[in-house]
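Asker:
Residue numbers (UniProt numbering): 1 to 163.
1) What residues in its chain sit with their C-beta under 8 angstroms from that of residue 45, if we drop five residues either side in the sequence?
2) Tell me whether the beta-carbon of residue 29 lies closer than 8 angstroms to the beta-carbon of residue 22.
3) Report the rounded CA-to-CA distance for residue 52 versus residue 88, giving the unit in angstroms.
4) Given this structure, state the Cα-to-Cα distance separating residue 132 from residue 111, to the nearest angstrom.
5) Short check: CB of residue 8 to CB of residue 37, under 8 angstroms?
6) If the criterion is Cβ atoms closer than 8 angstroms, does the pair residue 93 and residue 100 meet it?
7) Between residue 41 and residue 25, what straight-line distance do the alpha-carbon atoms span, to the nearest angstrom?
8) Tell me whether residue 49 is buried or exposed, calling it buried when 16 or more other Cβ atoms sit within 10 Å of its Cβ.
9) What would DSSP say about residue 25, mapped onto helix, strand or coil?
10) Within 10 Å of its beta-carbon, does residue 31 have 16 or more other beta-carbons around it, so buried, or fewer, so exposed?
11) Quick check: what's the CA-CA separation for residue 136 versus residue 130?
Next comes the structure, spelled out in structure tokens:
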């Protein structure tokens, strides 16, 4: 079984210290023990250090963000001119999440007030003893949407701010 390696990031101070230690004649093993990294990490860094003309690199974690401030798709459509790079929906959601705004699933059923609930119960009691012939005269018209599998997903039209 192979061991998965995590990406190691060296700070500019660590980079300078490792390079200085190598210039002073320390071995990769000594540097690895001193900084608590694998020898391969130290060796890979030193190769890159020489290729970059001995300049420390800024530590970057992951890819660069496409947006710098939280924006929604509507704002993005209004602001970005034609032909300019457009941030994806995922990027927009991440920026909204960074700003403390989170999408929520819509409620599964409508809220029924106490007054409406009482009216429904009264209607049900009034029609409790109806015969089949009375029900046959009723025209049923139901426009409810029924989802057999899953839901319509998370709604990002209404955002909730988490304190």
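Note that the Cβ used here is the ideal one computed from N, Cα and C, for glycine as well.
Answerer: Working from what's here:
1) 10, 15, 18
2) It is not a contact, given that the beta carbons lie outside the stated cut-off.
3) 33 angstroms
4) 31 angstroms
5) For residue 8 and residue 37, yes; Cβs fall inside 8 angstroms.
6) no
7) 18 angstroms
8) buried
9) Three-state DSSP puts residue 25 in coil, outside helix and strand.
10) buried
11) Between the C-alpha atoms of residue 136 and residue 130 there is a straight-line separation of about 10 angstroms.
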